[in-house]
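First comes the structure, then the notes that go with it.
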Amino acid sequence: MLCVAAFVAGFIDAIVGGGGLIQTPAGLILLPNLPVSTVIGTLKIPAFSGTSFAAFQYLKKVTMNWRLLFLMMIVAIPSAFAGSTLLTYVSNDFMKPLLLFILSLLAIYTYAKKNFGQLVEKNLSKRQQLINAVLISFIVGMYDGFIGPGTGSFFVVAFIALMGFDFLHASANAKMVNLATNFGSIVLFIIKGKIIWMIAIPMAFCNAIGGWFGAKVAINKGNGFIRVFFLVVVVGTLIRFAYDVFWNK
Numbered sequence: 110m111l112c113v114a115a116f117v118a119g120f121i122d123a124i125v126g127g128g129g130l131i132q133t134p135a136g137l138i139l140l141p142n143l144p145v146s147t148v149i150g151t152l153k154i155p156a157f158s159g160t161s162f163a164a165f166q167y168l169k170k171v172t173m174n175w176r177l178l179f180l181m182m183i184v185a186i187p188s189a190f191a192g193s194t195l196l197t198y199v200s201n202d203f204m205k206p207l208l209l210f211i212l213s214l215l216a217i218y219t220y221a222k223k224n225f226g227q228l229v230e231k232n233l234s235k236r237q238q239l240i241n242a243v244l245i246s247f248i249v250g251m252y253d254g255f256i257g258p259g260t261g262s263f264f265v266v267a268f269i270a271l272m273g274f275d276f277l278h279a280s281a282n283a284k285m286v287n288l289a290t291n292f293g294s295i296v297l298f299i300i301k302g303k304i305i306w307m308i309a310i311p312m313a314f315c316n317a318i319g320g321w322f323g324a325k326v327a328i329n330k331g332n333g334f335i336r337v338f339f340l341v342v343v344v345g346t347l348i349r350f351a352y353d354v355f356w357n358k
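Going by our numbering, the first residue of the sequence shown is number 110, and it counts up by one from there.
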């Protein structure tokens, strides 16, 4: 069951992010006797694996700004490490109402603005793009280490809104930076001994297959398909957080 969840998570995550909405609840439900930090740490391995295979597919088809991307990945690694470190000391429950509000606005805006993420905007200066890139990596990287679900979706939105990318280029770049955030968290969880490799490795294999397949679908279908898929994932994230905030107390 965990491997099936990993495959579905990899497929979804490769297109617009949000695979953690499938994989994380499955892990927590099916591994009830393990500490939450151990479950989260173990799930970071399949998340990294699926993202790697998805990123490889995107790299073959999508042109990347490597200098900018490399800087973002360098910033993202310590940011995620810091977020995961903070998680070992502080509860992240207080963030869920805030995220519920932000995601609601995001879903409404994406639905109402039909051309959102359909074209590449080129009106940003190199300096402004550099500043935005560092902010995206730091803030979303911290979020991924601290709470996690929806990270890929937040990266996609940030690349569109703050970097002027279309959905396809945003998804491709999001995968690369998400690799870095996953790596930062994995380093901490390995140091803390929070990963159960007998569970992580089979899930990683299934997540990788899902990621490979999802990236190929996204590349072939293009921006229109990714936009619709993005809205579905954001609404799913909303439902998840609404449940946590209002009912799962």
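Don't be surprised by glycine CBs; every beta carbon is placed ideally from N, CA and C.
{"Asked": "My parser needs the alpha helix (DSSP H) runs of 4 or more residues fully inside the segment 241-294; what are they?", "Found": "260-272"}
{"Asked": "Could you check what DSSP says for residue 303 in three-state terms: helix, strand or coil?", "Found": "coil"}
{"Asked": "Could you tell me which uninterrupted alpha helix (DSSP H) segments, each at least 4 residues in length, are contained entirely in the segment 145-197, listed from first to last along the chain?", "Found": "145-170 and 175-196"}
{"Asked": "With distances taken from CA atoms, which of 114, 149 and 315 is nearest residue 294?", "Found": "149"}
{"Asked": "Closer than 6 Å by C-beta to residue 277: which residues in its own chain qualify, once you throw out the five before and the five after it? Chain order, please.", "Found": "332"}
{"Asked": "Comparing C-alpha positions only, which one of 312, 323 and 303 sits nearest to residue 284?", "Found": "323"}
{"Asked": "So the alpha helix (DSSP H) residue 332 belongs to, where does it begin and stop?", "Found": "332-351"}
{"Asked": "Looking only at its chain, what residues have a beta carbon closer than 7 Å to the beta carbon of residue 326, apart from the 5 residues adjacent to it on each side?", "Found": "124"}
{"Asked": "Sort 152, 110 and 263 by Cα distance to residue 139 and report the nearest one.", "Found": "110"}
{"Asked": "Grouping DSSP H, G and I as helix and E and B as strand, with all else coil, what is residue 127?", "Found": "coil"}
{"Asked": "Using a 10 Å radius around the Cβ and a threshold of 16 neighbouring Cβ atoms, would you call residue 235 buried or exposed?", "Found": "exposed"}
{"Asked": "Pull up the CB-CB distance for residue 270 and residue 249, whole angstroms please, since I reckon it's below 8 Å.", "Found": "No, residue 270 and residue 249 are not in contact; Cβ-Cβ is about 12 Å, not under 8 Å."}
{"Asked": "Going by alpha carbons, who is nearest to residue 185 out of 199, 113, 261 and 209?", "Found": "261"}
{"Asked": "Excluding sequence positions up to five away, which residues of its chain have a Cβ less than 7 Å from the Cβ of residue 341?", "Found": "none"}
{"Asked": "When we look at the beta-carbon of residue 142 and count the other beta-carbons within 10 Å, is it buried (16 or more) or exposed?", "Found": "exposed"}
{"Asked": "Since residue 173 and residue 241 should fall inside the 8 Å C-beta cutoff, what is the C-beta to C-beta distance between them, to a whole number of angstroms?", "Found": "The pair is not a contact, with the Cβ atoms about 16 Å apart (cut-off 8 Å)."}
{"Asked": "Would a C-beta distance cut-off of 8 Å place residue 163 and residue 312 closer than the cut-off?", "Found": "no"}
{"Asked": "Under the three-state reduction of DSSP, which class applies to residue 234: helix, strand or coil?", "Found": "coil"}
{"Asked": "I'd like the list of long-range same chain contacts for residue 158, defined as Cβ closer than 6 Å, with 5 residues on each side in sequence excluded.", "Found": "313, 316 and 317"}
{"Asked": "Looking at the C-beta of residue 293, does it have a partner C-beta in chain D at a distance below 8 Å?", "Found": "Within the model displayed, chain D is absent; a lone protein chain is all it includes."}
{"Asked": "Taking the C-alpha atoms as reference points, what is the distance between residue 191 and residue 243?", "Found": "16 Å"}
{"Asked": "Round the Cβ separation of residue 137 and residue 145 to the nearest angstrom and send it over; I've been treating them as touching at under 8 Å.", "Found": "7 Å"}
{"Asked": "Quick one: Cα of residue 338 to Cα of residue 346, how far?", "Found": "12 Å"}
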